[in-house]
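Engineer: If you scroll down you'll find the structure; I have some questions about it.
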Amino acid sequence: MRFAEVAVMTKIPSAAKDLSPGETAGAGVRKERRIDALTHAVQPVAPDTPILAVGERFLHPASDAWLSLPIVEHGKPVGSISRHELMQRVYIKPFGRELHGKRPIATMMHAQPLVLASDATIESASRTIAAGIRQPIMEDFIVVDAIGNYIGAGKVLDVLGAMEARLAQHSADLETAYRTLKSSQTRLIQSEKMASLGQMVAGIAHEINTPLGYVRNNVEMTQASLQGIGDLLLAHERVVDGLLGGADEAEFEARIAHLQSQRALFDAAALEDLRALLDDTVYGVGQIAELVGNLKDFSRLDQERSERVDVRRLIDSALKIGGNLLRKKNIEVVRHFGEVPEIECSPAQINQVLLNLITNAAQAIEHADGRITLRTHTMGHYALIAVEDNGKGIPQQNLERIFEPFFTTKPIGQGTGLGLSICYQIIEQHRGRIRATSSPGMGTRFLVALPTPGHRKESTP
Amino acid sequence: MSAALATVLFVDDEERILRSLRMLFRGRYEVLMTTSGREAIEIVQSRPVHALISDQRMPEMLGVDLLRQVRVASPATMRLLLTGYADLQAIVASVNDGEIFRFIEKPWQPQQLIDTVEQAVQIARQEFALPRELAAPGAPITLAAGAKPAAKLLVLDEDGDTLRTVREVCGAQHEVLGASTVESALEALSSGGIAVVVAELAHRHDDVGGALKTLKRYSPGTLTIALSQLRDSRTLIELINQGQVYRFLPKPLSRELLRRSLQAALDHHQKLQAAPILLRRHAVEQPKFEPMSLSARLMDYWRRIRDNGRVRPNA
């Protein structure tokens, strides 16, 4: 090979099949960018090429873009020679050309050139380059096939460019993934809300329809009874009118007879019962009003507005809403409410947390002597709420994971595994803490600590 | 008919409901009431109770569990649920285990409740007069001493798997016909002699639920087993009250459940043949809306089904 021959500088389309037939064919073209895409078929230099001839090669316009030239023997790269080195050691040294010019390039080459496999990914190539490159950068890299045969050469800067493109792609992918995740998280939280809402609605429908049942019945019976009372009253009036001289003898007798028949029809005992039923009715309407009032706190689940509230009121409200489940399982509710200052919070969200904890507690109880104890007290700058059950408890290995999203021990379809993780989020957002302790077989206690207003202000300047 | 008042028993954990109902029914029946399911069972065991009206959600015992136990303890007692809310599972159980007569939702309409209870009481009065072995569920049919006669069954489902499964389960002893549309089902029914209809409620074009309800009105002796993937409690409650569906089986079909349901339906059908008076138990409520107008051909099928379904003494 003559050094004056022109180096081939065409960019190799994908794998350099034509230079090393069959060697890299297996790799095919993948979506992921690999080093073969950056490979150029550079005519290599033989190790016995005289140094001056290599110098000529560098002067050729085709070599303009290259910092170094590969040196290949029997198809394998053995070294590289950089333009910089040749300049330093031969051309600018006095008598450099005369001293070294005729020697083979092998005497001056760098014997540990950067060698990359053609199927290396951009990432792994950039790692190899970072580990092996000499500073300052004065060489290009050599590309070989799977068995180490020379294919071509590539530029470090191209790898950097490709790397940058990849990073840009990555960050775009991350951005998309982040957005998808965020929207699916919102959807999941919403569906968790809907799931607990569904259970709640079932319970509340029953809670409301029961008083509504007797209220309606009682009112309709009262209506019918009023008709009877009206008839009786009318009969009385007509008799009184008769007495005052509004009717002759026969007419008066008829009115008396009518009054007597009306009195016989009238059931005085029923009227007495009706009075009791109306008391029930008033009670029932009160029950419904209370339920609807509690429901209002829960209806605006997304409301972020903060209010000053007494946590004890929130607990009572959550107990009302969750009451159906508690009654269904015949669970005794014990309240030990110590003094707590009002806290600033989103009542709907704290309600959601409390309802979740109470519902979980009820679900953990699988025996007939269920008891849920609710405590409040103040500790330092926190209002503490404890929800305690005497249910089956949570094994230690699960206890560590209960606040993880999607962690659930309930059968598929009965829980999204998001309830407690949402509780956790809500309490975190309120700058509070939530913890659980449990002894399997004995019960579980959830402790919620919410900062009292003064403290909250300090931590959020 | 005896002059003594019939007995109705109300069970609800809310005493105010009981007080209110007692007032509504005072003078009409001897009204018994309790807040305890256990006590209710003791009452039906100790004396004739014509109708039992129970709540579903009660702390001590669920309404459907009470219905199931009363069905065994006193099969002639008509069983009704009066409830503010029942999950689908409870409704299905009230059909399959409780063989419920009516499913009534709170708040109830007083006059409608009075009419429904009266209807139940009338039916029960006649049944209490029957020999016990006829009324008892699952009692051996003494009338057919030898092998049970083969019966005709009809499967209505667009999916051929159901017909195959029914044939596998009871095709050896009984004749099983298949239909994929309501019209072809009616054609088969109009030729008479079909004991049990197994029907998938979901259909691409036809209102199968509506057809089952009409069928019950015209041919109360034909027992229906409804299949569905649907989880719609409203549909099911209507199928109870207006269609007296005999069993409800969720899809995918459990072969064992299907086998037991078919067995129960065929046994019950035989009992109905022997004592047509029991058919009254299958009386249905009029639907609130009549199904859409029918073609002349369909009308003709229905007429023939109605004529076949008429109670014939000693058929």
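Heads up: the protein sequence lines correspond to chains A and B, in order.
When you line the first sequence up against this note's numbering, it's residues -11 to 449, in that order.
When you line the second sequence up against this note's numbering, it's residues 35 to 349, in that order.
Here a beta-carbon is modelled for each residue, glycine too, at the ideal position from N, C-alpha and C.
I want to see whether chain B comes within less than 7 Å of Ala193 of chain A, judged by CB atoms only; does it?
Structural biologist: Start at 1 with the first residue of the first sequence, and residue 193 of chain A comes out as number 205. Yes, because at least one Cβ of chain B sits closer than 7 Å to the Cβ of Ala193 of chain A.
Engineer: Tell me which residues share the same chain as Glu197 of chain B and place their Cβ nearer than 6 Å to its Cβ, disregarding the 5 neighbours each side in the sequence.
Structural biologist: On the second sequence, residue 197 of chain B is found 163 positions in, with the first residue counted as 1. Checking the sequence shown, residue 197 of chain B turns out to be Leu, not Glu. Here the set comprises Val189 and Gly212.
Engineer: Can you pull the chain B residues whose beta carbon is under 8 Å from the beta carbon of Asp268 of chain A, in chain order?
Structural biologist: The sequence position of residue 268 of chain A within the first sequence is 280, counting from 1. Correct list: Arg50, Arg53 and Ser54.
Engineer: To the nearest whole angstrom, what separates the beta carbons of Asp24 of chain A and Val131 of chain A, a pair I think is in contact under 8 Å?
Structural biologist: Start at 1 with the first residue of the first sequence, and residue 24 of chain A comes out as number 36. Start at 1 with the first residue of the first sequence, and residue 131 of chain A comes out as number 143. That pair is a contact at about 7 Å.
Engineer: For a contact defined as C-beta to C-beta under 8 Å, what are the partners of Pro93 of chain B on chain A?
Structural biologist: Working through the second sequence from its first residue, we reach residue 93 of chain B at position 59. What Pro93 of chain B touches in chain A: Arg315, Lys316, Lys317 and Asn318.
Engineer: Considering Cα atoms alone, identify which of A:Phe46, A:Thr366, A:Ser334 and A:Leu55 is closest to Leu145 of chain A.
Structural biologist: As a position in the first sequence, residue 145 of chain A is number 157, starting the count at 1. Considering only alpha carbons, the answer is A:Leu55.
Engineer: Can you give me the Cβ contacts of Arg238 of chain B inside the same chain, cut-off strictly under 7 Å, excluding the 5 residues immediately before and after it?
Structural biologist: Counting from one through the second sequence, the residue named residue 238 of chain B turns up at place 204. Here the set comprises Glu192.
Engineer: Express the C-alpha separation of Arg293 of chain B and Asp240 of chain B in angstroms, rounding to a whole number.
Structural biologist: Here residue 240 of chain B refers to the residue found at position 206 when the second sequence is read from its first residue. Here residue 293 of chain B refers to the residue found at position 259 when the second sequence is read from its first residue. Roughly 26 Å separates the two Cα atoms.
Engineer: At the 7 Å Cβ level, is Arg251 of chain A part of the contact set with chain B, yes or no?
Structural biologist: By 1-based counting over the first sequence, the position of residue 251 of chain A is 263. No, because no Cβ of chain B sits closer than 7 Å to the Cβ of Arg251 of chain A.
Engineer: Let me check understanding here. Comparing Cα to Cα, which of B:Ala38, B:Asp46, B:Glu49 and B:Gly71 lies closest to Gly61 of chain B?
Structural biologist: Counted from its first residue, the second sequence places residue 61 of chain B at position 27. Nearest option by C-alpha distance: B:Ala38.
Engineer: Give me the chain B residues within the contact set of His261 of chain A, using Cβ-Cβ distance strictly less than 7 Å, ordered along the chain.
Structural biologist: Translated into positions along the first sequence, residue 261 of chain A becomes position 273. The amino acid at residue 261 of chain A is misidentified as His; the sequence shows Asp. Met57, listed in chain order.
Engineer: Helix, strand or coil: which one does DSSP assign to Pro284 of chain B?
Structural biologist: Residue mapping note: residue 284 of chain B aligns to position 250 of the second sequence, counting from 1. Strand at Pro284 of chain B.
Engineer: My output table needs one value for Lys170 of chain A: the three-state DSSP class, helix, strand or coil.
Structural biologist: Residue mapping note: residue 170 of chain A aligns to position 182 of the first sequence, counting from 1. Residue state, collapsed to three classes: helix.
Engineer: Where does Ala178 of chain B sit, in a helix, a strand or coil, going by DSSP?
Structural biologist: The sequence position of residue 178 of chain B within the second sequence is 144, counting from 1. Bear in mind that a pLDDT of 44 at Ala178 of chain B, under 50, signals an unreliable position, so the model cannot answer this.
Engineer: Quick check on Gly118 of chain B - is its C-beta less than 7 Å from some C-beta in chain A?
Structural biologist: Your numbering for residue 118 of chain B matches position 84 in the second sequence. Closer than 7 Å: yes.
Engineer: Taking any Cβ of chain A, which residues in the stretch 132 to 164 of chain B have a Cβ under 9 Å from it, in chain order?
Structural biologist: Residues Glu139, Lys140, Pro141, Trp142, Gln143, Pro144, Gln145 and Leu147.
Engineer: Is DSSP giving Ala350 of chain A helix, strand or coil here?
Structural biologist: Stepping through the first sequence from its first residue, residue 350 of chain A is reached at position 362. In this structure, Ala350 of chain A counts as helix in the three-state DSSP scheme.
Engineer: Taking the beta carbon of Ile80 of chain A as the centre, do at least 16 other beta carbons fall within 10 Å, making it buried, or is it exposed?
Structural biologist: As a position in the first sequence, residue 80 of chain A is number 92, starting the count at 1. It counts as exposed.
Engineer: By DSSP, does Thr440 of chain A sit in helix, in strand, or in coil?
Structural biologist: Working through the first sequence from its first residue, we reach residue 440 of chain A at position 452. DSSP places Thr440 of chain A in coil when its eight states are reduced to three.
Engineer: For a quick check, are the C-beta atoms of Ala184 of chain B and His208 of chain B less than 7 Å apart?
Structural biologist: Along the second sequence, one-based indexing puts residue 184 of chain B at 150. Along the second sequence, one-based indexing puts residue 208 of chain B at 174. Yes, Cβ-Cβ distance for Ala184 of chain B and His208 of chain B is below 7 Å.
Engineer: Please name the residue, chosen from B:Leu312, B:Ala222, B:Arg72 and B:Leu52, that lies closest to Ala163 of chain B on a Cα-to-Cα basis.
Structural biologist: The count along the second sequence starts at 1 and reaches residue 163 of chain B at position 129. If we check each option's Cα against that of Ala163 of chain B, B:Leu312 comes out closest.
Engineer: What first and last residue would you give for the alpha helix (DSSP H) that runs through His369 of chain A?
Structural biologist: Counting from one through the first sequence, the residue named residue 369 of chain A turns up at place 381. First-last for His369 of chain A: undefined, no H or E at that position.
Engineer: Just to make sure I have the definition right: I need the residues of chain B whose C-beta is within less than 9 Å of the C-beta of Met209 of chain A. Which are they?
Structural biologist: The residue you call residue 209 of chain A lines up with position 221 of the first sequence. Within 9 Å Cβ-Cβ: Ser54, Met57, Leu58 and Pro144.
Engineer: In angstroms with no decimal places, state the Cα-to-Cα distance between Ile217 of chain A and Tyr63 of chain B.
Structural biologist: Along the first sequence, read from residue 1 onward, the residue named residue 217 of chain A stands at position 229. Along the second sequence, read from residue 1 onward, the residue named residue 63 of chain B stands at position 29. Each residue's Cα considered, the two are about 24 Å apart.
Engineer: Buried or exposed: which applies to Asn282 of chain A, given that a residue is buried once 16 or more other Cβ atoms fall within 10 Å of its Cβ?
Structural biologist: To locate residue 282 of chain A, count along the first sequence from 1; it is residue 294. Its Cβ being crowded by 16 or more others within 10 Å, Asn282 of chain A is buried.
Engineer: Taking Cβ positions only, does Leu265 of chain A come closer than 7 Å to chain B?
Structural biologist: Locating residue 265 of chain A in the first sequence gives position 277, where the first residue counts as 1. So yes, Leu265 of chain A belongs to the interface.
Engineer: Taking all protein chains shown into account, decide if Lys247 of chain B is buried (16 or more other Cβ within 10 angstroms of its Cβ) or exposed.
Structural biologist: To locate residue 247 of chain B, count along the second sequence from 1; it is residue 213. The residue is buried, with at least 16 neighbouring Cβ atoms inside 10 Å.
Engineer: Determine the closest residue to Ile319 of chain A out of A:Ala53, A:Pro441 and A:Gln351, with distance taken between C-alpha atoms.
Structural biologist: In the first sequence, counting from the first residue as 1, residue 319 of chain A sits at position 331. Of the listed residues, the one whose Cα sits closest to Ile319 of chain A is A:Gln351.
Engineer: I'd like the span of the alpha helix (DSSP H) that includes Gly120 of chain A, first residue to last.
Structural biologist: Numbered from its first residue, the first sequence carries residue 120 of chain A at position 132. From DSSP, the alpha helix (DSSP H) with Gly120 of chain A extends over Ile110 to Gly120.
Engineer: Against chain B, does Arg300 of chain A count as a neighbour if the rule is that its beta carbon must be under 7 Å from one of theirs?
Structural biologist: For this step, residue 300 of chain A is matched to residue 312 along the first sequence. Arg300 of chain A does not count as touching chain B.
Engineer: Between the stretch 65 to 75 of chain A and the stretch 83 to 98 of chain A, are three or more C-beta pairs nearer than 8 Å?
Structural biologist: The answer is yes - the stretch 83 to 98 of chain A touches the stretch 65 to 75 of chain A, with three or more Cβ pairs under 8 Å.
Engineer: Tell me the rounded alpha-carbon separation between Val328 of chain A and Tyr166 of chain A.
Structural biologist: Here residue 328 of chain A refers to the residue found at position 340 when the first sequence is read from its first residue. Here residue 166 of chain A refers to the residue found at position 178 when the first sequence is read from its first residue. Val328 of chain A and Tyr166 of chain A: Cα-Cα distance of roughly 41 Å.
Engineer: For the stretch 34 to 51 of chain A against the stretch 125 to 144 of chain A, do three or more pairs of beta-carbon atoms, one drawn from each stretch, fall closer than 8 Å, so that the two count as touching?
Structural biologist: No contact exists between the stretch 34 to 51 of chain A and the stretch 125 to 144 of chain A.
Engineer: Taking 7 Å as the threshold (beta carbon to beta carbon), is Leu283 of chain A in contact with chain B?
Structural biologist: Position 295 of the first sequence, counted from the start, is the residue given in the question as residue 283 of chain A. Answer no: the Cβ-Cβ gap between Leu283 of chain A and chain B never drops below 7 Å.
Engineer: My assumption, with CB atoms under 8 Å, is that Gly358 of chain A sits in contact with Lys317 of chain A. Please give the rounded CB distance.
Structural biologist: In the first sequence, counting from the first residue as 1, residue 358 of chain A sits at position 370. In the first sequence, counting from the first residue as 1, residue 317 of chain A sits at position 329. That pair is a contact at about 6 Å.
Engineer: Terminal residues of the continuous alpha helix (DSSP H) containing Gln57 of chain B?
Structural biologist: Locating residue 57 of chain B in the second sequence gives position 23, where the first residue counts as 1. Position check: residue 57 of chain B holds Met in this sequence, whereas Gln was assumed. First-last of the alpha helix (DSSP H) with Met57 of chain B: Glu49 to Phe59.
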